[in-house]
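Here is the structure we will look at.
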Amino acid sequence: MTAFVIRRLLQSAVVVFVMSLIVFFGVNVVGDPVDMLINPEADQEDIERAIRALGLDRPIGEQYFYFVKGALSGDFGRSFIFGEPALKLVLQRMPATFELAFTALVMAIVFGIPLGLYAGLRPNALSSKTIMAGSILGFSLPTFWVGLMLIMVFAVMLGWLPATGRGEVATFLGISSSLFTLDGLSHIILPAFNLALLKISLVIRLTRAGTREAIYQDYIKFARAKGLSENRIIFVHLLKNILIPVVTVLGLEFGNLVAFSVVTETIFAWPGMGKLLIDSIQQLDRPVIVAYLIVIVLLFVLINLIVDVLYSVLDPRVRIGESQT
Amino acid sequence: MTTTADQDTEIAPTELAGQLQTPFRRFVSDFFESWVATVAFALFLVIVFGALFAPLISPQDPYDLAQVDVMESRLPPGSKSYQGYTFLLGTDGAGRDLFSAILYGLRISLSVGVVSGIIAMIIGSSVGLTAAYCGGRVEALIMRIVDLQLSFPAILIALMLLAVFGKGVDKIMIALVTVQWAYYARTVRSTAIVERQKEYVEAARCLGLSHKRVLFHHILPNCLAPLIVVVTVQTAHAIALEATLSFLGVGLPQTEPSLGLLISNGFEYMLSGRYWISFFPGIALLLTIVSINLVGDQLRDVLNPRLQR
Amino acid sequence: MTDQVPTLEVVDLATHFFTKAGIVKAVDGVSFSVGAGEVVGLVGESGSGKTVTGFSIVGLVDPPGKVVSGSIRLKGEDLVHANAERLREIRGNQVAMIFQDPMMTLNPVLRIDTQMIEAVRAHRELNRAAAREVARNALGQVGIPSPNERLKAYPHQLSGGMRQRVAIAIAFVNKPDLIIADEPTTALDVTIQAQIIHEAQTLCRQTGTALIWITHDLAVVAGLADRICVMYAGRIVEAGPSDDVLDRPMHPYTAGLIGSVPTHNKRGERLRQIPGMTPSLLNLPPGCAFRSRCANAQSNCQQTPDETTPFDGRRLRCHHPMTAIERQP
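Protein chains in written order, with this note's numbering: chain A, 1 to 325; chain B, 1001 to 1309; chain C, 2001 to 2329.
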C-alpha cells in the first residue's frame, strides 16, 4: 500500500514538473508581454527600465529558474492589471469556485443516482425512456447556452431567482460560504445546476448501466431466494455494488467541474477563479494566467491521487486482498 | 436454462430474398431500424445542406454591409424588413437577419469542427497505429502522453493553448486538434492491439510486406468500426467546444462569426427580454450536436460486435 | 411415503421462455412430489430443464421466462398463483435455495454476518444481537470452526467449501420445510464434495427437511437420494427409488447416463458415450425428444410417449424401455 502511494506521488511530481515547463515556456516564449504592457509611445529609456523591472531581459533559462524559485515560495509575480500578487488573486477566488463545484457535484449525486437507478430498474417504462432521452439532451446541450436560457426563464421571465452574482456569505464551523445564507442559496442554485447538468446526465447513464448489469447477477437472485424485501435488495445489495465505480468517476469529475466553471462563472458573473482566468486571457495578464494554470494542474494531480487511494480503500476486495483461509 | 439456436454471424454476403446482402447493405438496414437515428440523420443532412447552400437560401447576406441596416436591429421574429422579406427569426443588435446569420454561422461552426476532427483523426490514428505496432517502450511512452492529456479536461487544455497563442482561426484549429487527437490515438491503439494478434497480420508479414503496408492496408481497415463511432462523438464535442470558446471571447475572431459568437452577442439583450438573439442560434447549435450524438449512438450499437444478432 | 400431504407436489409444470428467436419450452410437463424428510435427486444434463424447474417452484424465473401451466403445491398451498408478498414470505423461510457457485451468490461487498442476519430478520422479529446468535449457531452446525471470525469476514476471504457451508447454513437457518439445492457441489473439490453431501444429508435427517438435489452427476445422487427423477429436454423420462433406477434403468437415456460414468469402464476400454447431441430446445423434433440418439428407436417413437407406471413407485416415458438383456454392458 505504501509503495503504491509513493509511486503515485512520484508520478504526480513528474506531471507537475512537465506541466510547469509547458506553461512557462508557452506563456513567456510564445506570447509577447513587452508589447502588451509597455506603452509603445514611451521612450526607449522607460521601456528598458520596465523590461529590467519585469525581468524580461534575462536569458530564458534564467527566467525559468527564477520562475520555479518564485513558484516554490508562492510568488508568481504581480498581476499586470490589479497590481496584486498573482497567486493571492487566484487563491482569493478559489473558495467561490469550490463552492460552486461542490454544489454541482452534490446536485449530480442527488439527482443523478436516483434517476439512473429508476431507469435501470424499469427500463421499458415511458418515464425511464424519457429520463434517458433527457440525459442525451443533457450532455448535448452546450453548457453556456443552457446557462443563458436558465437566466432568461428563471430570472427574467419568472423572476424567481437572481440572475447573476454570488449571495451573502456566512461563517459556520470556521468555513465561510454563501451556502449558509438563504440569499446565498438563491444565488447559487442556477449556476450550480448549469454546471451540474452535464454531470447529472453522466451519472444517470452510469448508474443505469451499472444497475442493468447488476440486477441479473447471481447474488441478487440469491438475495431474492432468501426472501428479502425488494427495498433491501435495491438499496443495500445493489446500490453498494454500483456506488463504487460511480463514486470514483465522480471524484475525478470534481476536477472537471472546477475547470468547466470557467464558462458558468462568466455567464453568471460568479466571482471565482474561472472568471479571473478568462478576464486575464483577454487582457493578457500573464502572471495570473500562469498562477491559475499551475494551481489547477496541482489540483488535478492531487484529485487523481486521492481518488486512486480512495478506490483501493472502498473496495474490500482490493483493500484486504485475496487471502485464502 | 435458455438455449437459443446459434445465429450465423458470417460477414460474407448472404442471400436474402433474392437480393445479395453485402455487409454494407446489412449495416445500412440495421442502422435505419431505429426511427430516432433515422430522424437524427435526416436532420443532420438538412443542417449540412443549409450550411452548404447558405448564400442561396438565406434572404440576406448578413456580412454585406449594404444589406444591413442598424435601424432594423433588435426586431422580434416575424417582423418585415424594408426590403420586403420577413425576418423569420428576428434581427440581432446590428440589424442582421438572424436566420441568415445562423446559416452562415453554421458554415463556420461545422467546417471548423469537421476539419479539426479530420486532422485530429489522421494524426491520432497514425500515432495509435504506430504505438500498437511498435509495442514495447515506444508504445508505453506514447500511451503515457495520451493518458496524461486525457486526464485533463478539454476546455482547460484549449484555454491553456489559447492563452499562449492568442486569437485567430489557425490558433483555434490547433487547439481543437490538440484536444481531440488523444481520443483517436487511444481508440485506434486498442483495436490495433487486438488486430495485431490476429493471423492475417502474420500472413502479411510472411509475404514480406513492409511495415507501413501492413499497418495501413491491413490493420487499419479493421479498426474502422470503432473509429467511425469516435469520429461522430468527437465532432460533436469539437463543435460544442468551439462554440464555448467563441462565446467566452477567446475563440474565433469577430470576422468569422460562428454560432458561439452569435450567442454571446445576444447575451446583453437577454436581460431586456430580447431572447431570440441568443435563443435561435442556440437551438441551431443544439440540433446539430444532438443529431450527431444520436447518429453516433446508433452507429455504436450497430457496429458493436457483441450486440450482433 | 407417508400418507399426509406431501411437502411439495408438482403436477404438469410447464415453464416457457418467450425469446426473439422463438419459444423455448425449458420445462414441459414435469410432475413429481417430495415428502417430509425425503431426498429427491433431479438428474439431467445442462439444458434438460432441471434448474428452471427449481426456480419455477419459488417463482424466481427471470423474464422472458414464465410458468405457463401446471400446479405447484407446498403442503397444499398453491404457489403458482400466490401473490408476490406471499412468495417473498415463503422464500428463505419455508422454501430455501442453495445455488451452485457461492462466490457469485454471496454479495462480495457485504460481510458474512450482514448477509446471514438479514436472512433471519427478514422472517423473524429479532434484534440484531439475537439474530447474530442464531447465525453463529447455524455456522457451528455446518461444521465451520471459529464462527465469530468467519462472521466478520468478507466472502472472498473464505475458501470455496467454506462459502458453500455458509450458503447451506443460510438455507437451514429458518428451519424450512423444503430445500432446493441447485448443483451445490459442482464447483467444489471432490473431497469437499463428499463432506458437504454428508452434512446436508445429516441435517435433513435431523430436521425432517425435504431436499431436492439438482445435479448432472449420477455419482452424487447415488448415495444421497431416496428417489431419482431423470430429466431430458424439459420432461421427466424416468423416476423411481434411486437404487432401483440405478440398478435396473428402463429408459435408454438413463442407461446411457449410467453407462457413460467413467468408473464403470475397465481400464483401457473405450469410454462410452451417448451418440449425438442434446437437441436445441427451440426446435424440438415431434415425438420422443431422445429419438435421434436412441438405439431402441422405432417408428412409433414419433408419437410423444405418455407417462406410464410400469410398476409401483416407478414412472417412465418410453415406448421401448430397456429389457434386462439390453442392460448388459
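All C-beta atoms, glycine included, are put in the ideal place defined by N, C-alpha and C.
Because the structure is a prediction, the values reported are computed rather than measured.
**Report entry** Residues bridged to W2213 of chain C [DSSP beta-bridge criterion]
**Finding:** C:G2041, C:A2181
Query - Within chain A, partners of I1193 of chain B - CB distance below 9 Å - result: Under the 9 Å cutoff, chain A gives no residues; its nearest Cβ is about 23 Å from I1193 of chain B.
**Report entry** For Y2232 of chain C, the residue or residues it bridges with in DSSP
**Finding:** DSSP links Y2232 of chain C through a beta bridge to C:R2235.
Report task. Give a yes or no on whether the C-beta atoms belonging to T97 of chain A and G272 of chain A are separated by under 7 Å. Result -> yes
Query - chain C within 7 Å of A86 of chain A, Cβ atoms only - result: no
**Report entry** With 16 other Cβ atoms within 10 Å as the buried cut-off, status of W1276 of chain B
**Finding:** W1276 of chain B is buried by the Cβ-count criterion.
Query raised in the report: Among A:L195, A:G210, A:A291, which one has its Cα closest to the Cα of F260 of chain A?
Result: The candidate whose alpha carbon is nearest that of F260 of chain A is A:L195.
Report task. With distances taken Cα to Cα, identify the nearest neighbour of L2271 of chain C among C:P2241, C:P2279, C:G2259, C:A2036. Result -> C:G2259
Report task. Could you give the DSSP three-state label for V1302 of chain B: helix, strand or coil? Result -> helix
Query raised in the report: What do you get for K221 of chain A, buried or exposed, if any count of 16 or more other CB atoms within 10 angstroms of its CB means buried?
Result: buried
Query raised in the report: Going by the beta-carbon positions, is the gap between A2169 of chain C and L2126 of chain C smaller than 7 Å?
Result: No, the pair does not count as a contact, with Cβ atoms beyond the cut-off.
**Report entry** Closer than 7 Å to chain D by CB, T171 of chain A
**Finding:** Judged by its chain identifiers, the structure shown contains no chain D, and its protein chains are A, B and C.
Query raised in the report: Are any of the Cβ atoms in chain A nearer than 7 Å to that of T1244 of chain B?
Result: yes
Requested in this report: State buried or exposed for L1106 of chain B, treating a residue as buried only when at least 16 other CB atoms are found within 10 Å of its CB.
Outcome: Answer is buried; the Cβ neighbour count reaches 16.
Requested in this report: Could you tell me which of C:G2240, C:P2155, C:S2159, C:K2152 sits nearest to V2041 of chain C, measuring between CA atoms?
Outcome: Here residue 2041 of chain C is Gly; the residue named in the question, Val, does not match the sequence. Selected option, being the one with the closest Cα: C:G2240.
Query raised in the report: Can you tell which of B:S1125, B:L1261, B:I1292, B:S1291 has its C-alpha closest to the C-alpha of G1093 of chain B?
Result: With distances taken between Cα atoms, G1093 of chain B lies closest to B:L1261.
Query - E1015 of chain B versus D1301 of chain B: straight-line alpha-carbon distance, rounded - result: Residue placement at E1015 of chain B is poorly supported in this model, since its pLDDT is 43, which falls under 50; the coordinates still yield a value, given next. Each residue's alpha carbon lies about 24 Å from the other.
**Report entry** Sub-7 Å separation of Y1104 of chain B and A1054 of chain B beta-carbons
**Finding:** yes
**Report entry** L89 of chain A classed as buried or exposed, judged by whether at least 16 other C-beta atoms fall within 10 angstroms
**Finding:** buried
**Report entry** Whole-angstrom distance between M2103 of chain C and H2156 of chain C, CA atom to CA atom
**Finding:** 7 Å
Query raised in the report: Looking at the C-beta of M273 of chain A, does it have a partner C-beta in chain B at a distance below 7 Å?
Result: no
Query raised in the report: Whose C-beta lies closer than 8 Å to the C-beta of K2152 of chain C among residues of the same chain, with five residues either side of it excluded?
Result: R2111, I2112, D2113
Query raised in the report: For I303 of chain A and chain B, any beta-carbon pair shorter than 7 Å?
Result: no
Requested in this report: Can you have a look at M2162 of chain C and say buried or exposed, based on whether 16 or more other CB atoms are within 10 angstroms of its CB?
Outcome: Residue environment analysis places M2162 of chain C among the buried positions, since at least 16 neighbouring C-beta atoms fall within 10 angstroms of its C-beta.
Requested in this report: For A108 of chain A, return the contacting residues in chain B, with the cut-off set at a CB-CB distance below 9 Å.
Outcome: The contact set of A108 of chain A on chain B, defined by CB atoms closer than 9 Å, is empty, because the minimum CB distance reaches about 15 Å.
Query - Environment of I2072 of chain C [buried if 16+ CB atoms lie within 10 Å] - result: buried
Query raised in the report: Going by beta carbon distance, what residues of the same chain come within less than 7 Å of A192 of chain A, once the five residues before and after it are set aside?
Result: L100, T103, A104, M107
Report task. Answer yes or no: does any C-beta atom of chain C fall closer than 7 Å to that of Y66 of chain A? Result -> no
Query raised in the report: Could you give the C-beta distance for T1187 of chain B and G1128 of chain B, rounded to a whole number, given that I count them as a contact under 8 Å?
Result: Rounded to whole angstroms, the Cβ separation of T1187 of chain B and G1128 of chain B is 7 Å, and the two are in contact under 8 Å.
Requested in this report: Pull up the DSSP beta-bridge partners for I2023 of chain C, would you.
Outcome: C:F2018
Query raised in the report: Taking the C-alpha atoms as reference points, what is the distance between V1194 of chain B and R2132 of chain C?
Result: Distance between V1194 of chain B and R2132 of chain C, taken at the CA atoms: about 51 Å.
Requested in this report: Could you round the C-beta distance between L2074 of chain C and L2013 of chain C to whole angstroms and report it? I think they count as a contact, below 8 Å.
Outcome: With a Cβ gap of about 13 Å, L2074 of chain C and L2013 of chain C do not count as contacting.
Report task. Could you tell me the distance, in whole angstroms, from the CA atom of A1240 of chain B to the CA atom of D183 of chain A? Result -> 33 Å
Report task. Give every residue of the same chain whose Cβ lies closer than 6 Å to the Cβ of I2023 of chain C, excluding the five residues on either side of it in the sequence, and list them in chain order. Result -> Beyond the five residues adjoining it in sequence on each side, I2023 of chain C comes within less than 6 Å, by CB distance, of H2016 in the same chain, given in chain order.
Report task. For R2099 of chain C, go through chain A and note every residue whose CB falls closer than 7 Å to its CB, in chain order. Result -> In the sequence as displayed, the identity of residue 2099 of chain C is Phe instead of Arg. Those within 7 Å of F2099 of chain C in chain A are D218, F222.
Query - Neighbourhood of M1270 of chain B by C-beta distance below 7 Å, restricted to the same chain and skipping five residues each side - result: Here the set comprises S1278.
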